[in-house]
Amino acid sequence: MKKHIVVIGGGISGLTAAYYLKKQADEQNIDLTIQVIEKSDVLGGRIQTVERDGFIIEKGPDSFLARKYPINELSKELDLEDELVGTNPNARANFIYLNKKLHPMPMGLVLGIPTKMTPFLKTGLISPLGKMRAAMDLFLPKHNGMSDESLGHFVERRLGKEVLEHITEPLLGGIYSGNARTISIKATFPHFKQLEQKHGSLIKGMMKSKQPAPLNNQLPAFAKKSMFLTYKNGMCTLIDRLTASMPSVDILTNCGVESIIQDGHQYKVLLDSKETITADGLIMALPASVAAKLLPNISENRWLDKIRYVSVANIALAFDAAAISYPLNGTGFVIPRKEGLDLTACTWTSSKWLHTAPMGKVLLRCYVGNEQAQDWVQLTDEQLIQKVRADLEEIIGISAEPLFNEVTRAIKAMPQYPVNHVEELARVREAMAVKKPGVFLCGAGYEGVGVPDCIQQGKQAAINMIDYLRS
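Encoded structure:
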C-alpha cells in the first residue's frame, strides 16, 4: 500500500530528509508519497543568500568544514562539485581582539588548546602566569569517568581561566553564540573528554592525536587544501539544487502546523489553514521547543524545552577598498566578552572568499549577540549599524560610510545544548519510539548545529523512517 510521509520544516534538515526518503524509496521499490510543510515563505531555513551589486552576501552560514563527509556526499550526488570554492590561501590568519589590540591566533591552537608549544608561549593573548597555569594540564590528574560537564568548566580546570576567557569563549561564540560555562562538552566537543581519559592531559592528547585531516577523494583536488568550502554563488546553491532534484515531492510554503493527533498507526496533521493531512509517518525538522509543543503527551519531551535558543544578528557592510586603510590580511577577528563591545566578531568576507565582492570593493560581516547579551533585539536596524560601525572604527579604524548594508536578525536561531544533553536526548528518542512510533526528530537543536551535522541528521531520519515502514 502507498504510504504518505510528512516532513515538517523546510530547512536544510527537512529538505535533506525528504531527498533521502525519496532516494531510498526509489531504490527499495517502496511506494511512497512525500510532503514537506514549511511555515515561512522560503525554503532553506537559516541558509539564505543575497546577491546585490555584484556582492554575494550570506544571511546565515557562509561555509562548511571541507572534511565533513555528509555534505561532500550530498554535493557529489547533486552534481555540485564544480560549484565548490575554498578560502583565499593568502588569508589564513585570524585574530582575537584583546586589551585594545588585535592579536594573531597562535598556530596549532584548537579552541584554546595548544598543539604546538612555541607559538602558544609567544602569544600576547595569555599572560606569563596564565601560560604557567595552562602548562599545569601536563601534570594535573584526570577526572575519572565520562560524566558530562560544561565546556567552560572542563577548559578552566585543565588550562585555566585565562585560556577560557581570552580564547575558548570568543571562539565558541563564533560556532554556538553560547556560554562556555553552561554548554555541554559531550554534546559539542566530546573528544576533549576522551583525550583526557586516554592521555591524562589535554595538551598531550591533542599533540599525539594531531594529524592531517583525512582527505576525501570525492573532493576536487584544490578543495583538499582548504579547511572550509562554500559554493560559487552562495550556500543557497545547495537549497536550490536539493529542491530541484525532487520534483515529485510536494512542498508547501506559508503553511504552519497547529497540532498533531495520533490516530492508530497514523497521524492527523492539522494545518493553520484548518486543512488536515493524514500521514503514516512524520519527520519533524523543527526547533526543539516547537517539536515539544506538537508532542505534548510525552513527559520525556520536557527536556526539549530546556534547550534554549539564542538570538543573533549579522550586519553585512560593503565599502570601496580605497576607503579602508587597514590591511585586511586575514579572515577576521573575534572578541572576548570582557572587552565590553557590542560586536562579537567580524569576518573579512571579501578577503576570506575572493568571489564575494567585485574588484576594488570590500565586504565585511559583523556579528552581534550571544547567550549573555540579548538586549540587542530591542534595537532598530539603524541602531545596530551605528554600534557596529563605532566598534569597527575603534578596532580597525574604518570610518567611511558603507556603500550599503544588509541586516539579518536570526531570532532564537542558535540552540544551546545543556549539560547532560546527550543522555537526555537519548531518553527522548527512546520514549518517542514507544509512544509515537514513526515520528523522528532532526535539526540543529539535537545533534550538531553545522550544515553537515544537519544534513547527517536529515539523512538518518530518512533511514529510520524507511526502516520503520519496512518493519
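Using UniProt numbering, the first residue of the sequence shown is number 1, and each one after it goes up by one. Cβ coordinates follow ideal geometry from the N, Cα and C atoms, glycine included. Note that the coordinates shown come from a computational prediction; the quantities given were computed from them, not determined experimentally.
What is the DSSP secondary structure of residue i, reduced to helix, strand or coil?
| i | result |
| --- | --- |
| Gln-372 | coil |
| Tyr-125 | Checking the displayed sequence, the identity of residue 125 turns out to be Leu instead of Tyr. Coil, per DSSP. |
| Glu-156 | helix |
| Glu-149 | coil |
| Thr-408 | strand |
| Glu-58 | strand |
| Cys-255 | coil |
| Pro-212 | Per-residue confidence for Pro-212 stands at a pLDDT of 49, beneath the threshold of 50, marking its modelled position as unreliable; the derived number appears in the next sentence. Of the three classes helix, strand and coil, the one that applies to Pro-212 here is coil, per DSSP. |
| Val-449 | coil |
| Leu-363 | strand |
| residue 475 | Outside the shown range of the chain (1 to 471) lies residue 475, about which nothing can therefore be said. |
| Lys-293 | helix |
| Gly-178 | coil |
| Tyr-458 | First, the amino acid is wrong: residue 458 is Gly here, not Tyr. It is helical. |
| Gly-44 | strand |
| Lys-142 | coil |
| Ala-413 | strand |
| Ile-324 | coil |
| Ala-25 | helix |
| Lys-436 | coil |
| Ile-203 | helix |
| Met-246 | coil |
| Asn-464 | helix |
| Ala-426 | helix |
| Ala-18 | helix |
| Val-357 | Per the sequence shown, residue 357 should be read as Ala rather than Val. Ala-357 falls in the coil class under three-state DSSP. |
| Pro-170 | helix |
| Ser-350 | helix |
| Ala-431 | helix |
| Leu-403 | coil |
| Ser-471 | coil |
Cβ of residue i versus every heavy atom of the ligand SAM: is any distance shorter than 6 Å?
| i | result |
| --- | --- |
| Lys-435 | The model depicted lacks the ligand SAM and carries no ligand whatsoever. |
Can you give me the start and stop residues for the beta strand (DSSP E) that residue i sits inside?
| i | result |
| --- | --- |
| Asp-250 | 250 to 252 |
| Phe-228 | 228 to 231 |
| Leu-343 | 343 to 347 |
| Asn-314 | 308 to 320 |
| Phe-333 | 332 to 334 |
| Gln-35 | 32 to 37 |
| Thr-276 | 276 to 279 |
Have a look at the DSSP bridge pairing and note the partners of residue i.
| i | result |
| --- | --- |
| Met-284 | Ile-8, Leu-441 |
| Asp-263 | Gln-266 |
| Pro-418 | Ile-183 |
| Arg-52 | Phe-55 |
| residue 473 | What is shown of the chain runs 1 to 471, which leaves residue 473 out entirely. |
| Pro-3 | It should be noted that the sequence gives Lys, not Pro, for residue 3. Leu-32. |
With a cut-off of 8 Å on the beta carbons, I'd call residue i and residue j a contact; round off their distance for me.
| i | j | result |
| --- | --- | --- |
| Cys-236 | Asn-314 | That belief does not hold up - the Cβ atoms of Cys-236 and Asn-314 are roughly 16 Å apart, past 8 Å. |
| Gly-438 | Tyr-468 | 5 Å |
| Asn-329 | Ala-93 | 6 Å |
| Gln-457 | Tyr-446 | 6 Å |
| Tyr-97 | Ile-335 | 5 Å |
| Val-422 | Asp-148 | 7 Å |
| Val-368 | Met-414 | Rounded, the Cβ-Cβ distance is 13 Å, inconsistent with contact. |
| Leu-282 | Val-6 | 5 Å |
| Tyr-231 | Glu-77 | About 15 Å separates the two Cβ atoms, so there is no contact after all. |
| Pro-452 | Ile-71 | 4 Å |
| Gly-130 | Glu-162 | 3 Å |
| residue 472 | Asp-342 | In the structure as shown, the chain begins at 1 and stops at 471. Residue 472 is therefore absent and cannot be evaluated. |
| residue 472 | Leu-111 | Not covered by the structure: residue 472. The range shown for the chain is 1 to 471. |
| Met-246 | Lys-22 | 5 Å |
| His-355 | Val-155 | Rounded, the Cβ-Cβ distance is 36 Å, inconsistent with contact. |
| Ile-56 | Asn-233 | 7 Å |
| Ile-385 | Val-407 | 7 Å |
| Val-257 | Leu-271 | 6 Å |
Over the uninterrupted alpha helix (DSSP H) stretch that includes residue i, give me the two end residues.
| i | result |
| --- | --- |
| Leu-164 | Premise fails: Leu-164 is in no alpha helix (DSSP H) and is neither H nor E. |
| Val-388 | 381 to 396 |
| Glu-339 | Per DSSP, Glu-339 belongs to no alpha helix (DSSP H) and is neither H nor E. |
| Arg-302 | 302 to 305 |
| Leu-195 | 190 to 199 |
Q: Could you name each continuous alpha helix (DSSP H) segment of 4 residues or more that falls completely within the stretch 59 to 135, going from the start of the chain to the end?
A: 69 to 77, 117 to 122, 128 to 135
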